[in-house]
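Chains as they are written, first to last, in my numbering: chain A, 528 to 1041; chain G, 8 to 260.
The beta carbon of each residue, even a glycine, is placed where N, CA and C say it ideally should be.
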Amino acid sequence: MEYSLYFVLEDANARDDFLGRLKNVLPLTEERKAAKKQLFLDTYDHRLYKKGFLLTMEDSRLILRDTGDGSSLSLDLHAEGCMPRFCRDLPECPFRDNLRSVIDVRALLPVVGIESRVTHLNLENEDGKTVAHINFEDVEVGDDGTDKTVIHLLEAVSVRGYVEEFEKLTRYISDLGLAPAGGNIFSIALGAAGKKAGDYTSKVSVVLDTGMPSGEALRIILGSLLETMRKNEDGIVKDIDTEFLHDFRVAVRRTRSALTLIRGIFPEGVKEKFKAEFAGIGRKSNELRDLDIYLLRREEYTEMLPPALRAGLDPLFDIIAREREEAHREFALELASDSYRRSIDDWERFLNEPEAPGDALPGADAPVIGLAKLRIRKRYKKALKLGKGIDGSSSDRDLHTLRIECKKLRYYLEFFESLFPAGEIKEVIRHLKVLQDNLGDYNDMHVQQERLKGYISKMNASENEGRESIAAAGGLISELYMKQKEIRSEFHGRFEEFAGEEMKGLFDNLFSGN
Amino acid sequence: MITLALYSMKGGVGKTAAAVNLAHLASVETYRTLICDLDPQGASSYYFRIKAARNFNSSKFVKGGRNIDENIKGTDYPNLDLLPSKLSYRNLDLALDEMKNSKFRLRRVFSEIEHEYDYLILDCPPGISLVSENVFNAADYIFVPLIPTTLSVMTYEKLLDFFTKKEYDVSRLYAFFSMVESKKSLHKEIIEKIESGGRNILRTRIPYRSDIERMGVYREPVTAFLPQSDSARIYAALWEEIRGITGKGGAEG
């Protein structure tokens, strides 16, 4: 319930001058000086920042602040410089649980470091009670060794239960000519370092215009997906966490899906060439992603098994970990290979260069809204048709086909989201997601069972350890099979909701006409 | 949230001094702490220089909800908030009596803030009343400061009888000696007698000290304005004992 508001001062002189003026109008206590050094940590996609948290390392302490209510949790690591990378590296405690609920499996990275000299003053009332705090901060922003920027800030901090006094204080500050900086110390410091807080997202975040030519709109969508791929390459190679590969793969799949839109807009040869190349890139990363998922689920798998069978998982996971190392090495080499670089460079060149006059196809100039409505409609119809054909006798393959179709529909909706009223299209996506989750989980159970069957054949049944692992794998397969059946039994309910009148109404409303 | 009550049937035994210093010590160890002043005299509010809002009163307090949230005030110490009392708390019994399930009303009021704080410390008014019964139902542990005098010990025994009669769990009730003057032979005799026979008597004894009395002048906990003093050290020992009883460790994280 404590609020904090930052104001930016031009320089150190401005600070002294301002302090003098403030003291003339407000009863402020003596100044107290302090110094602090903070290293801000966050995930690559700034999950903490986006959810309103700040995580800092101060000496050997990790401090997690909730900027919403001013509360904080801290954890002493008792050793400087040993920065944890994952939640699982921390001891079991409420701090870890809180952190995990926000960052999940992502790694913590150092984002920006600051060294501040703080002059602290209190605003007191007639009883000598502190009713607000003022901090003047000279903040040096930058990592060790690189160029440092110094910024001068004034922070006004409220005390719980003294809202009026805080408002009076910030009014005084504004009246004396300072404007609020907006944001918190993390975003302000990042800004000073020339970066932007929370600027990475794995979502398709393009803003299109209904009248925009289709060719231009597709280039924007594809360009944004290419950027997502590029941004994640480094994290994959350095093996920072599993989500770099995940985001990369989603961008590749979305690209392939967007390429199915280009008929009549870009030359047919473009589609054929790049569809094949992106399919290849996706395929080469399948193995690594599958193995990542296994390793992430170790805890869950252990829980699934009765204690007596659990020891058999260790050799199994040893194999998976070794295979994963190898798969990672291979895919990192792939990303560094000439053929990959050439594909990506060619692709970028195509997206950036306007086509030669003879290449322009008539569809390129048509307004994108027509393309969006038509293609989404078609996908929806196809998904409905496939779904209606599914009954008790349908194979895993049929469900797989429907899953892929739903994915394509989802991607189209996301590409063109900005063309439609936000509330309604989000509602469509939400409904679709309910069905997709069911299909995704079903497929997941299938893939996991198949893989475990593969491991059984590799185990040596004549050794004790091998037998234990076979038992563990067998136990998991039957658990997964039971789960899969349960998921399958929920399919019809979910599909009916997707195929129901409400969705039909929404689709008609949003996507009819052109 | 763990709720601790500083309670005594008798007034002037050092309840507020203990409540204020213990709350401060908990907050220094980074436990999120709220001290709730239940005494219409508002001594603990006074020590923290906090006045309740003009429109706050005992009926609003027992209604709870937003009334609590809006009237909690931050003290001058990190992690330490206070819910100030009003003179109208002299009618707290009546206000409680009007509520359903009136003996458990405060427990209900406090349950709404249980995720916000690690410790809630109740500074209770003297006497035995509906307010006290609410305290006994709301608190996880009740600590009674005991001046080693015959009268004081008698009232404590009456409290024990009351607990037994009303079937409150006596094991949650603890006593500690307060305002002890080691030169007085009567104090010594009573302490020896009680300690040899009594259960749930804390080891730490709070002496009669002028610096504790002076809290009213400084309007700060003695653990804050004289942290190196003997008095502060004794409260720290008391806090350590109490924290141990509540099952929490020292200086979190």
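query: Which residues in the same chain have their Cβ closer than 8 Å to the Cβ of I198 of chain G, if we skip the five residues on either side of it in sequence?
result: P155, F184, V187, R212
- request: Please classify Q1011 of chain A: is it buried, with 16 or more other beta-carbons within 10 angstroms of its beta-carbon, or exposed?
  value: buried
task: Pull up the distance between the alpha-carbon of R61 of chain G and that of P47 of chain G, whole angstroms please.
output: 14 Å
message: Measuring only the C-alpha atoms, how far is D726 of chain A from T755 of chain A?
response: 12 Å
query: Is the beta carbon of S92 of chain G sitting closer than 9 Å to the one on D168 of chain G?
result: no
- request: Please name the residue in G:K191, G:Y126, G:S203, G:N74 whose C-alpha comes closest to that of A26 of chain G.
  value: G:Y126
- request: Could you tell me which chain A residues have their CB closer than 8 Å to the CB of N78 of chain G, listed as they occur along the chain?
  value: G688
Beta-carbon neighbours of D971 of chain A, restricted to chain G and to distances below 9 Å: The premise fails here: D971 of chain A is roughly 35 Å from chain G at the closest Cβ pair, so nothing lies under 9 Å.
- prompt: Could you give the residue range of the beta strand (DSSP E) that holds N128 of chain G?
  reply: Looking at the sequence provided, one finds Ile at residue 128 of chain G rather than Asn. 126-130 is the extent of the beta strand (DSSP E) around I128 of chain G.
- prompt: Does D88 of chain G have its Cβ less than 9 Å from a Cβ in chain A?
  reply: yes
message: Along the stretch 20-37 of chain G, where does the CB come closer than 9 Å to a CB of chain A? Name the residues.
response: T37
Contacting positions in the stretch 176-207 of chain G - beta carbon closer than 9 Å to chain A: none
query: Along the chain, which unbroken stretches of the alpha helix (DSSP H) at least 4 residues long are found entirely within the stretch 793-841 of chain A?
result: 795-823, 825-831, 834-837
message: For the beta strand (DSSP E) containing Y148 of chain G, name the first residue and the last one.
response: 148-153
- request: Assuming G839 of chain A and E995 of chain A form a contact by the criterion Cβ under 8 Å, report the distance between their Cβ atoms to the nearest whole angstrom.
  value: 4 Å
message: For a contact defined as C-beta to C-beta under 7 Å, what are the partners of I57 of chain G on chain A?
response: K656
message: So for I641 of chain A, helix, strand or coil by DSSP?
response: strand
message: Once the 5 residues before and after S139 of chain G are set aside, which same chain residues still bring their CB inside 6 Å of it?
response: none
- prompt: So what's R250 of chain G in DSSP terms, helix, strand or just coil?
  reply: helix
task: Within the same chain, show all residues whose beta-carbon is closer than 6 Å to that of G791 of chain A, passing over the 5 residues directly before and after it, in chain order.
output: L888, G890
query: Could you give the residue range of the beta strand (DSSP E) that holds V658 of chain A?
result: 657-668
query: In the DSSP assignment, what residue or residues form a beta bridge with P881 of chain A?
result: Bridge partners of P881 of chain A: none, in fact.
task: Can you tell me which of the three DSSP states G260 of chain G falls into?
output: With a pLDDT of 36 at G260 of chain G, under the threshold of 50, the modelled position of that residue is not reliable, and the figure given next carries that caveat. Reduced to three states, the DSSP call for G260 of chain G is coil.
- prompt: Who are the Cβ neighbours of L29 of chain G in its own chain at under 8 Å, not counting the five residues just before and after it?
  reply: L11, L13, I128, Y242, L245, W246, I249
- prompt: Name the chain G residues whose beta carbon is nearer than 9 Å to that of E529 of chain A?
  reply: G81
field: Nearest candidate by alpha-carbon position, reference E941 of chain A, set A:L959, A:R876, A:H927, A:L929
entry: A:L959
task: Report the rounded CA-to-CA distance for N98 of chain G versus S65 of chain G, giving the unit in angstroms.
output: 7 Å
- prompt: Using a beta-carbon distance cut-off of less than 7 Å, what residues from the stretch 808-829 of chain A approach chain G?
  reply: none
query: Which of helix, strand or coil does DSSP assign to T728 of chain A?
result: coil
Minimum Cβ-Cβ distance from E259 of chain G to chain A less than 9 Å: Confidence at E259 of chain G is low in this model, with a pLDDT of 44, below 50, so its placement is unreliable and the value that follows should be read with caution. Yes, its Cβ sits closer than 9 Å to a Cβ of chain A.
query: Do you know how far the Cα of G597 of chain A is from the Cα of Q975 of chain A?
result: 44 Å
- request: Out of A:F580, A:R837, A:D665, point me to the one whose CA is closest to A539 of chain A's CA.
  value: A:D665
- request: Say whether the stretch 749-768 of chain A touches the stretch 891-903 of chain A, bearing in mind that this needs 3 or more beta-carbon pairs closer than 8 Å, one atom from each stretch.
  value: no
- prompt: Are K80 of chain G and G688 of chain A touching if we call contact CB-CB under 9 Å?
  reply: yes
field: Straight-line Cα distance separating F858 of chain A from G260 of chain G
entry: Because G260 of chain G carries a pLDDT of 36, less than 50, the predicted location of this residue cannot be relied on, and the following value inherits that uncertainty. Between G260 of chain G and F858 of chain A, the C-alpha separation is close to 40 Å.
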